[in-house]
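In this note's numbering, the protein residues as written are 2 to 697. This report concerns only the one structure given below.
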């Protein structure tokens with residue numbers, strides 16, 4: 002290659018800053034192979050500049066989303082400091098953004114419609130849409146922060162390594178079918194400028210639109226903030242409520258957006274809005290959205306005030322019943338079904354509150370504390386669910402946080418989280434089994450605070466071989482400040498203050514099959530009979546089962562001996578017996594045969610020592626027996642026994658029984674016909690998590 006040709010190539014390359022980076026790499030290869038005698042420092046500098054601009058564009062996406070979200074969440078600005086080429090801004094929650102002024106507007110932009118900012122491509126009203134034809138919000142209720150955020154589950158805007166805009170990892174194309182570069186010749190920016198006014202900061206976007214955020218202590222036009230940590234107001238269905246407005250120097254106020262079914266009346270003189278939630282329709286658990294008002298200031302400026310409102314049933318009602326459904330490990334995610342005190346059924350309560358997002362694959366357990374519901378799924382987001390550790394507002398089931406919750410066993414194996422307790426405002430414990438056919442298990446400490454999850458380590462003394470040493474795959478009990486867990490051939494008491502086992506009770510040769518707290522406040526642990534020979538099939542038992550009753554210090558009060566007609570399983574594929582206790586009567590209910598497809602359960606009165614063998618009878622429909630699956634539950638106020646059953650593990654039926662009569666009387670049968678409702682992991686009640694019961 003001649004020198005003139007080389008120089009021409011360099012000139013061509015340097016004029017193509019928005020072309021693909023691979024062209025540069027190809028030319029670099031050519032330089033190395035032939036024209037090394039010429040100076041290529043400029044070319045390397047050009048490559049470095051493009052990489053820098055790509056990184057800056059990614060950062061700009063995050064900054065833009067944070068500004069939009071700050072406006073939506075009614076944040077204010079504590080500080081604004083001028084820096085070289087822009088501003089550094091600190092919001093009242095401590096978060097910061099850096100705004101760099103740009104010379105060119107990128108082809109990708111944003112535009113406000115009815116109080117929500119959406120992505121555009123090519124100019125005003127040219128909405129960027131997902132595969133379903135929906136506009137893509139920049140951030141907020143339906144949005145997902147495209148670079149470094151984790152909120153929501155909308156399509157993700159990004160920039161690839163070659164400097165092109167992407168949507169969910171695929172390059173965006175304009176109306177001519179051409180891929181859209183994210184790097185411009187003079188440095189693109191979403192922001193044109195920032196105006197630092199006396200009572201607000203105005204972000205002027207590249208397309209001329211303005212986002213105004215008041216300074217702390219200088220709110221101009223805003224709704225009254227809700228009480229508590231959440232940014233939305235919660236209503237009962239059909240409830241009307243007055244919400245105050247901050248409206249400083251606002252001349253007129255008009256309605257911009259109201260969710261379907263909601264109504265409002267604006268009283269500008271009193272600076273108040275009367276909001277009314279819609280009436281509840283049968284089976285409806287949730288109705289919510291954004292209300293947006295526009296205020297015209299006396300200075301001619303326009304301001305937006307938005308508020309999120311939610312109408313929901315209240316899941317903290319002690320008389321409510323939860324049915325946790327695993328779903329199917331290979332095909333669909335699980336779900337939760339809820340029944341109110343009048344036995345009205347509500348399906349998909351999590352999905353309804355979270356824009357159809359599903360909890361996760363193989364939903365295992367729930368716990369309610371600190372005004373939140375904590376959910377555990379075994380396989381998390383493998384089928385586009387939220388995660389393996391999910392936290393919701395207990396009033397509404399609206400998700401506040403989700404985490405993949407990935408950790409290793411002490412042997413370095415993958416794990417499946419299965420059951421959870423929360424001990425105070427931040428500390429909890431999770432029982433897990435390894436994902437290698439559940440050969441080992443244990444209990445791990447977690448800390449969840451300020452919407453961040455810290456995974457600690459497995460509690461010493463809870464890890465070991467499944468069914469012989471490690472924690473049993475069943476619920477944990479939190480009572481009077483301590484955690485009680487069935488573990489191998491015994492039980493342990495974990496003191497959260499020291500994160501260590503304060504007491505261990507061993508019954509060598511006997512597998513612990515579960516753990517519950519009775520109406521008398523005592524802890525009950527059922528143990529299988531001792532056996533010899535094959536653990537999995539045709540097991541020969543040498544002793545009968547027992548149920549050990551103890552106080553909170555772990556002192557054994559009594560060993561309740563079961564007759565040989567009761568057989569607890571010992572095979573590794575059937576570690577628990579679905580045991581539950583009545584909240585008001587001295588009764589325990591448990592599966593009473595060792596078969597994997599067990600379909601009967603017994604009732605035991607620990608005061609009178611009376612056993613009602615097979616009190617819950619087998620149920621057969623057609624040619625199929627309905628096996629008992631998961632943990633049973635006794636309702637805290639009605640006293641009715643709830644039992645999950647399945648015939649083929651592709652659906653479920655929930656049986657509600659009257660246990661005040663003998664024989665037992667079936668009252669209701671609720672059918673979940675799809676695989677999402679298959680395999681009920683357990684029946685639960687808000688009362689189980691109440692201070693009254695925990696401190697009993």
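Ideal Cβ placement from N, Cα and C applies to all residues, glycine included.
| query | Measuring CB to CB, does residue 107 end up less than 7 angstroms from residue 131? | reply | Your numbering for residue 107 matches position 106 in the chain shown. Your numbering for residue 131 matches position 130 in the chain shown. For residue 107 and residue 131, no; Cβs fall outside 7 angstroms.
| Inter-residue CB distance, residue 631 and residue 683 (contact presumed, cutoff 8 angstroms) | Here the question's residue 631 lines up with position 630 in the chain shown. Here the question's residue 683 lines up with position 682 in the chain shown. Their Cβ separation, rounded to whole angstroms, is 5 angstroms, which keeps residue 631 and residue 683 in contact under 8 angstroms.
| task | Reducing DSSP to helix, strand and coil, say where residue 65 ends up. | result | Working through the chain shown from its first residue, we reach residue 65 at position 64. In the structure shown, residue 65 sits in a helix (DSSP, three-state: H, G or I).
| query | What did DSSP end up calling residue 330 once you bin it into helix, strand or coil? | reply | Locating residue 330 in the chain shown gives position 329, counting from the first residue. DSSP places residue 330 in coil when its eight states are reduced to three.
| Going by C-alpha distance, which of 369, 636 and 384 is nearest residue 692? | Sequence index remark: in the chain shown, residue 692 carries index 691 (1-based). For the residues 369, 636 and 384, the minimum Cα distance to residue 692 belongs to 369.
| message | The alpha helix (DSSP H) that contains residue 353, what's its start and end? | response | Against the chain shown, residue 353 aligns to sequence position 352. That run of the alpha helix (DSSP H) goes 350-354.
| request: State the Cα-Cα distance for the pair residue 520 and residue 512, rounded to the nearest angstrom. | output: Position 519 of the chain shown holds residue 520. Position 511 of the chain shown holds residue 512. One C-alpha to the other measures close to 24 angstroms.
| message | My parser needs the beta strand (DSSP E) runs of 3 or more residues fully inside the stretch 492-548; what are they? | response | List check, beta strand (DSSP E) in window: 501-507 and 524-528.
| request: Please go through the same chain and pick out, in chain order, the residues whose beta-carbon is closer than 7 angstroms to the beta-carbon of residue 363, but skip the five residues on each side of it. | output: Taking the first residue of the chain shown as position 1, residue 363 is located at position 362. These residues qualify, in order along the chain: 327, 328, 330, 335, 378, 379 and 380.
| said: Determine whether the beta carbon atoms of residue 462 and residue 489 lie at a separation below 7 angstroms. | reply: Against the chain shown, residue 462 aligns to sequence position 461. Against the chain shown, residue 489 aligns to sequence position 488. Contact: no.
| field | Residues that DSSP places opposite residue 672 in a beta bridge | value | Numbered from its first residue, the chain shown carries residue 672 at position 671. Paired residue(s): 654.
| query | Does the separation of the CB atoms of residue 600 and residue 619 fall below 7 angstroms? | reply | The residue given as residue 600 occupies position 599 in the chain shown. The residue given as residue 619 occupies position 618 in the chain shown. Contact flag set, yes.
| C-beta contact flag for residue 366 and residue 421 at 7 angstroms | For the purposes of this step, residue 366 is taken as the residue at position 365 of the chain shown. For the purposes of this step, residue 421 is taken as the residue at position 420 of the chain shown. Yes, they are a contact pair.
| Going by C-alpha distance, which of 390, 384 and 382 is nearest residue 376? | Here residue 376 refers to the residue found at position 375 when the chain shown is read from its first residue. Considering only alpha carbons, the answer is 390.
| query | Is the beta carbon of residue 1 sitting closer than 7 angstroms to the one on residue 558? | reply | The requested residue 1 does not occur in the structure, where the chain is confined to residues 2 to 697.
| First through last residue of the beta strand (DSSP E) which encompasses residue 315 | Within the chain shown, residue 315 is the residue found at index 314, counting from 1. Segment: none, residue 315 is in no beta strand (DSSP E) and carries neither H nor E.
| Would you call the CB atoms of residue 579 and residue 633 closer than 7 angstroms? | Here residue 579 refers to the residue found at position 578 when the chain shown is read from its first residue. Here residue 633 refers to the residue found at position 632 when the chain shown is read from its first residue. In this structure, residue 579 places its C-beta atom within 7 angstroms of the C-beta atom of residue 633.
| residue 80 by DSSP, collapsed to three states: which one? | Walking along the chain shown from the start, residue 80 turns up at place 79. Residue 80: strand per DSSP, three-state reduction.
| Per-residue burial, residue 509 [other beta carbons within 10 Å of its own, 16 or more giving buried] | Here residue 509 corresponds to residue number 508 of the chain shown, with the count starting at 1. Sixteen is the threshold: since fewer than 16 other Cβ atoms of the shown chains lie within 10 Å of the Cβ of residue 509, the residue is exposed.
| Backbone secondary structure at residue 323 - three-state DSSP | In the chain shown, residue 323 corresponds to position 322, counting from 1. Reduced to three states, the DSSP call for residue 323 is strand.
| Per DSSP, what kind of secondary structure is residue 113 in: helix, strand or coil? | Counting from 1 along the chain shown, the entry for residue 113 is found at position 112. Three-state DSSP puts residue 113 in a strand.
| Simplified DSSP assignment, three categories, for residue 730 | Summary: the structure shown does not reach residue 730, with the chain confined to residues 2 through 697, and so no result is reported for it.
| Rounded Cβ spacing between residue 457 and residue 446 (contact assumed at less than 8 angstroms) | Residue mapping note: residue 457 aligns to position 456 of the chain shown, counting from 1. Residue mapping note: residue 446 aligns to position 445 of the chain shown, counting from 1. That pair is a contact at about 4 angstroms.
| Can you find at least 3 beta carbon pairs, one from the stretch 110-127 and one from the stretch 85-97, that sit closer than 8 angstroms? | no
| query | Can you name the start and end residues of the alpha helix (DSSP H) that residue 693 belongs to? | reply | For the purposes of this step, residue 693 is identified with residue 692 of the chain shown, where counting begins at 1. Counting along the chain, the alpha helix (DSSP H) containing residue 693 begins and ends at 692-695.
| request: Count the C-beta pairs between the stretch 305-317 and the stretch 265-282 that are closer than 8 angstroms, then say yes if the count reaches three, no if not. | output: Because the criterion of three Cβ pairs below 8 angstroms is met, the stretch 305-317 and the stretch 265-282 touch.
| query | Per DSSP, what kind of secondary structure is residue 73 in: helix, strand or coil? | reply | By one-based count along the chain shown, residue 73 stands at place 72. If DSSP states are grouped into helix, strand and coil, residue 73 belongs with the helices.
| Which whole-angstrom value describes the C-beta separation of residue 495 and residue 486, a residue pair presumed to lie in contact below a C-beta threshold of 8 angstroms? | Against the chain shown, residue 495 aligns to sequence position 494. Against the chain shown, residue 486 aligns to sequence position 485. That belief holds up - the Cβ atoms of residue 495 and residue 486 are roughly 7 angstroms apart, short of 8 angstroms.
| task | Can you tell me the Cβ-Cβ gap for residue 77 and residue 254, rounded? I've got them flagged as a contact below 8 angstroms. | result | Here residue 77 refers to the residue found at position 76 when the chain shown is read from its first residue. Here residue 254 refers to the residue found at position 253 when the chain shown is read from its first residue. So it is not a contact: roughly 20 angstroms between Cβ atoms.
| If you check the beta carbons only, do residue 646 and residue 629 fall under 7 angstroms apart? | Reading the chain shown from its first residue, position 645 is the one you call residue 646. Reading the chain shown from its first residue, position 628 is the one you call residue 629. Yes; because the gap between Cβ atoms is below 7 angstroms, this pair is in contact.
| request: Drop a sphere of 10 angstroms on the beta-carbon of residue 474, count the other beta-carbons inside from all chains shown, and report buried for 16 or more, exposed for fewer. | output: One-based indexing of the chain shown puts residue 474 at position 473. Classification for residue 474: buried.
| message | Suppose the cutoff is 6 angstroms on Cβ atoms and the five residues either side in sequence are ignored; what does the same chain contact list for residue 651 look like? | response | Numbered from 1 along the chain shown, position 650 holds the residue referred to as residue 651. Correct list, in chain order: 676 and 679.
| Rounded to whole angstroms, how far is the Cβ of residue 591 from the Cβ of residue 550, which I believe are closer than 8 angstroms? | For the purposes of this step, residue 591 is identified with residue 590 of the chain shown, where counting begins at 1. For the purposes of this step, residue 550 is identified with residue 549 of the chain shown, where counting begins at 1. Wrong, their Cβ atoms sit about 14 angstroms apart, outside the cutoff.
| field | Closest by C-alpha distance to residue 283, when choosing among 246, 687 and 345 | value | Within the chain shown, numbered from 1, the residue matching residue 283 stands at position 282. It is 345 whose Cα lies nearest to the Cα of residue 283.
| message | Is the beta carbon of residue 324 closer than 7 angstroms to that of residue 64? | response | For the purposes of this step, residue 64 is taken as the residue at position 63 of the chain shown. For the purposes of this step, residue 324 is taken as the residue at position 323 of the chain shown. No, the pair does not count as a contact, with Cβ atoms beyond the cut-off.
| task | Give the DSSP-derived three-state secondary structure of residue 410 in the structure shown. | result | As a first step, residue 410 is located in the chain shown; it is residue number 409 there, counting from the start. The answer is coil: DSSP assigns residue 410 none of H, G, I, E or B.
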